[in-house]
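Read the structure below first, then the notes.
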Amino acid sequence: MAKRNQKTEVRKAHREQAIRAAKEAKKAKQASKKTAMAAAKSPTKAVTKKRL
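Residue 52 in the UniProt record's numbering sits at position 52 of the sequence shown; the count goes up by one each step and never skips.
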């Protein structure tokens, strides 16, 4: 069905659903990025330099 033939309530609901899905995807991507960065940083923290 063409957008112009849909009721405004339906169009608004679809738009809100799409925005919500995009935000959740962005949040999930950032969370996975943070865990990947934390995993990459962990081994470097274990190695410490001794001061003389």
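The beta carbon of each residue, even a glycine, is placed where N, CA and C say it ideally should be.
Note that this is a predicted model, so its numbers are computed, not measured.
Asked, Found
"Beta-carbon proximity of residue 3 to residue 15, cut-off 8 Å", "no"
"Inter-residue Cα distance where the pair is residue 51 and residue 41", "22 Å"
"Pairwise C-alpha distance: residue 38 and residue 23", "22 Å"
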